[in-house]
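Residue numbers (the numbering used here), protein chains in the order written: chain P, 840 to 1005; chain F, 76 to 695.
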Amino acid sequence: MPALTRDHSDWVKVDSIIDSFEAKKSNLIAILQKVQEEFRYLPEDILTYIGTKIEGLSPATVYGVATFYAQFSLEPKGKYIIKCCDGTACHVRGSMPVYTSLKQRFGLEDGTFTSKDGLFTLETVSCLGACGLAPVVVINDKVYPQMTTDAMKIIIDTILDEEHSA
Amino acid sequence: MGTNTININIHEEQQRAEESIKAQGLRVLVCNGTGCIANGSNDVIAKFKELGADVSILTQHDKVTIVPTGCHGFCEQGVLVIIPDLNITYVKVKPEDVEEIVDSHIKQGKPVERLLYTSPQTGEKVYKNEDIEFYARQSRTTLQNCGEINAECIDEAIAKHAYEALAKVLQENNPEAVIQEIEKSGLRGRGGGGFPTGRKWRFTAANRGGKSYVVCNGDEGDPGAFMDRSVMEGDPHKLLEGMAIAGFAIGSDEAYIYVRAEYPLAIKRLRIAIKQAEERGFLGKNIMGTDFNFEIHIKEGAGAFVCGEETALMASIEGERGMPRPKPPFPANKGLFGRPTLINNVETLANVPDIIRKGADWFSSFGTETSKGTKTFALTGEVNNTGLIEVPMGTTLREIIFDIGGGIRNGKKFKAAQIGGPSGGCLTEEHLDLPMDYDSLIKAGAMVGSGGLVVMNEDTCIVEVARFFMHFTQSESCGKCVPCREGTKNMLKILEKIVRGQGEMKDLDTLEELAYAVKEGSLCGLGKTAPNPVLSTLKYFRDEYVAHIKEKRCPAGVCSALKVIKIDESICKGCTKCARTCPVGAISGTVKNPHKIDQSKCIKCGACVAACPFKAIKQA
Ligand SMILES: Cc1cc2nc3c(=O)[nH]c(=O)nc-3n(C[C@H](O)[C@H](O)[C@H](O)COP(=O)(O)O)c2cc1C
Ligand code: FES
């Protein structure tokens, strides 16, 4: 059981999340969202645990739900989650060059999304609802409008500066 | 059943709310939706609040209140600051401009000319909101309050008639009359299908008696549309009231709003609104003292386009994978948790209170024969005034793009408009005078959809756009049914081949055959509509497909595999800007000497073309 290798306090956290949603099957998505917020991804042992803890669920069902929705990640995410909008409005106004420049900068190969230092995760999303300001990039919860490769470079530089001086 | 006595006098509540708003003194409205915040509106608000402290020295206005509002729709010009009492709209306001607005205009009555909107047509400064072309030609009803009220304060909504319609239906206590009024109005679903709303209510109401649900579809999956977000963020009470009226009409006491996870601000404002409405007795148990109970929950999506489809959405609310279920059974008979369920889109429900309050005839005075009322459109892409607009159904594409939208950016030529998102189609020059209503658009091979309208100019490659949509639907296909899962995959492969310059003419036939197979064979609307962008672009822009295949040429110069970017050494001054801009380090050269592009590294993103101050870089 991988459960044994995990800190006791982690399980306390998971239990309190499950309880806060009344351990209800229909709240599974909300529970997974909270777990991901807490752990920055969905660790497999926790998924299994949730599947056994909530009535009417099985680990396989939980796993099925977790892999179905784009929001969930079964791998650890970076400290900064960069979402490049590639919705239609952003696409026609040049979201891809911004995305490609970031991918290049973080040295991401096709199929990998998190930088080696674990600092950045790069994702695309379809529409953040700020289409009037396309192209849009969101870093953690901050929305950056009308992005260009130049502007993006400055933003990442600033984040790195802060990281290095912290 | 007879009439009910309700325990509140909504008109008195309105008066009280109006007085509390009057007591705010001079109201300074600052847009504060998701887009506006991205533009820096929180900083503008903070600055106003900081400076507002010394307004007591004013003579005319003893008090100034800063009101954060929802989206005004004119996102391109944000942050917008509107001071209704001074009849003025400021655009593109930055925190550092606030002091001047306060000192010059609010204190001394002298407008700050440089922050006014300049009409691109006449070059003149415009003072009032109503005189800006973008607004002048709209009929904002659903969106009216977005941008005029503070969404986090229920009194502001009440002053604008919120819950008046609910009070009316509860007092009259005649669900059948409510359904009749909605039927008579001609309202049709704004979530895509355009199904008559009244008829849907009637079907669901036929199962009155047991437990049933109202579900509001706030998934807004069409990438490029944000009207539902604006309503939820800017005027949440309008939606909540519409839902409560629906609940009363069909005999339901419980409801869910399914909001996509990408909309955290909408979720926050809805939660606040629900709480405030419950405190006032407008939601919850024994609403307005009657025996009508109505509880609204919020469910957050988790990023899956298919969850916008009604049966998938209900599966997702139940905590499962968002896979569509075959219909029948229809939700009206067997929906959420197996119970009869009414599912409507945000904008549909937000239309309800005004229909009840002002009457079906008022509503049906807008629009065309078969498409009544107004419709919001998210106008984006290569148009001058991007933003959210609301016009009567049947307004022409030309009016929307050229009058309201101010035409194509940078003096370029209009090429096409994509409407209805990944399920829709494209409209071209020949459709500019087509009335935008449900039936005309279907005839043209497109659809109103949610109202996302993405404008493209001569520099947009239509084949690439078709690939883009196919990529979207392919990756969002839930995989349950084979035609959609495999068909979209194969269609995407062909499109990718074509944009790479490796297409053959027979691919076009295969593409068309697959398109029809996917359309016919798929289980839900996602697959049934996924081929639309391909079919409509094949119909109107076949020559562009052929150019990619036969001449290995992308007429718009977009498809990277078919283009070569070169630096003209006779023009290059060696400023190094391109080398610094290139995201992949494909450009080399030393200061003051002509630079070179390493074609094996170049990803043809065009960033250098845009960056070069001397126009020395060209693509062929
Ligand atoms: C793939 C797919 C995605 C959809 N996405 C949405 C959506 O994001 N929002 C919405 O209101 N309706 C969406 N719909 C339509 C809904 O299934 C449903 O018809 C609608 O919510 C009904 O509400 P209305 O009658 O008020 O339009 C989608 C349909 C399909 C097939
Ligand atoms: S398409 Fe990017 S925010 Fe809507």
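Just so it is clear, CB atoms sit at the ideal spot from N, CA and C, and this is done for glycine as well.
Please classify isoleucine 132 of chain F: does DSSP put it in a helix, a strand, or coil?
Any reading at isoleucine 132 of chain F must be qualified, since the residue scores a pLDDT of 46, below 50, and its modelled position is unreliable; no value is offered.
Any non-hydrogen atom of ligand 2 closer than 7 Å to leucine 967 of chain P Cβ:
yes
Partners in chain P for isoleucine 112 of chain F, counting only beta-carbon separations shorter than 7 Å:
Val982
Work out the CA separation of threonine 80 of chain F and glycine 596 of chain F for me, nearest whole Å.
54 Å
Could you give the distance in angstroms between the alpha-carbon of glutamate 247 of chain F and the alpha-carbon of lysine 185 of chain F?
51 Å
Can you round the beta-carbon distance between glycine 266 of chain F and asparagine 460 of chain F to whole angstroms, since I take them to be within the 8 Å contact cut?
With 8 Å as the limit, glycine 266 of chain F and asparagine 460 of chain F do not qualify as a contact, their Cβ atoms being about 26 Å apart.
Is there a Cβ from chain F that is less than 8 Å from the Cβ of cysteine 970 of chain P?
yes
Sort out for me which residues DSSP pairs glutamine 493 of chain F with in a bridge.
F:Cys501, F:Val529
Closer than 7 Å: isoleucine 418 of chain F CB and nearest ligand 1 heavy atom:
yes
Residues near glycine 649 of chain F in its chain [Cβ-Cβ closer than 8 Å; skip 5 each side]
Gly664, Thr665, Val666, Lys667, Asn668, Pro669, His670
Using the beta-carbon count (16 or more within 10 Å), is tyrosine 908 of chain P buried or exposed?
buried
If we cut at 8 Å on Cβ distances, does arginine 845 of chain P have a partner in chain F?
no
Neighbourhood of glycine 520 of chain F by C-beta, 8 Å cutoff - its chain only, sequence neighbours within 5 removed:
Gly500, Asn607, Leu610, Ser611, Lys614
Segments of 4+ residues assigned as alpha helix (DSSP H) that fall wholly inside the region 256-288 of chain F
272-280
Given that cysteine 923 of chain P touches chain F, what residues does it touch there, using C-beta distances under 7 Å?
What cysteine 923 of chain P touches in chain F: nothing, since even the nearest Cβ is about 13 Å away.
Could you please give the first and the last residue of the uninterrupted alpha helix (DSSP H) stretch that includes glycine 562 of chain F?
557-574
Quick one: is aspartate 160 of chain F buried, meaning 16 or more other Cβ sit within 10 Å of its Cβ, or exposed?
exposed
Go through its chain and collect everything with a Cβ distance to arginine 432 of chain F's Cβ below 8 Å, but skip five positions before and after it.
His236, Glu239, Ala240, Lys243
Closer than 7 Å: glycine 54 of chain F CB and nearest ligand 1 heavy atom:
Since the displayed chain F opens at 76 and closes at 695, residue 54 of chain F lies outside it and no answer follows.
Does ligand 2 have a heavy atom nearer than 7 Å to the CB of glycine 299 of chain F?
yes
Local Cβ density within 10 Å of glutamine 872 of chain P, reported as buried at 16 or more and exposed below that
buried
Quick one: Cα of asparagine 866 of chain P to Cα of isoleucine 889 of chain P, how far?
12 Å
Less than 8 Å between the CB atoms is what I'm expecting for serine 746 of chain F and leucine 218 of chain F, so what's the real figure, rounded?
Missing from the structure shown is residue 746 of chain F; chain F here goes from 76 to 695 and no further.
DSSP state of serine 597 of chain F, grouped into three classes?
coil
Kindly list, in the order they appear in chain F, the residues whose Cβ is closer than 7 Å to that of alanine 928 of chain P.
Gly299, Thr455, Gly456, Val529
Can you tell me whether DSSP reads histidine 180 of chain F as helix, strand or coil?
helix
Exposed or buried, what is serine 697 of chain F when buried is set at 16 or more other beta-carbons lying within 10 Å of its beta-carbon?
Residue 697 of chain F is absent from the structure shown; chain F starts at 76 and stops at 695.
Since phenylalanine 369 of chain F sits in a beta bridge, which residues does DSSP pair it with?
F:Gly359
To the nearest angstrom, report how far apart asparagine 282 of chain F and glycine 326 of chain F are at their CA atoms.
9 Å
So, with DSSP's three-state summary, where would you put glutamine 99 of chain F?
coil
Three-way DSSP call (helix, strand, coil) for isoleucine 624 of chain F in this model:
helix
Taking its Cβ as the centre, do 16 or more other Cβ atoms sit within 10 Å of glutamine 493 of chain F, making it buried, or is it exposed?
buried
Is alanine 928 of chain P near ligand 2, going by C-beta to nearest heavy atom under 7 Å?
yes
Cysteine 924 of chain P Cβ short of 7 Å to ligand 2 heavy atom set:
yes
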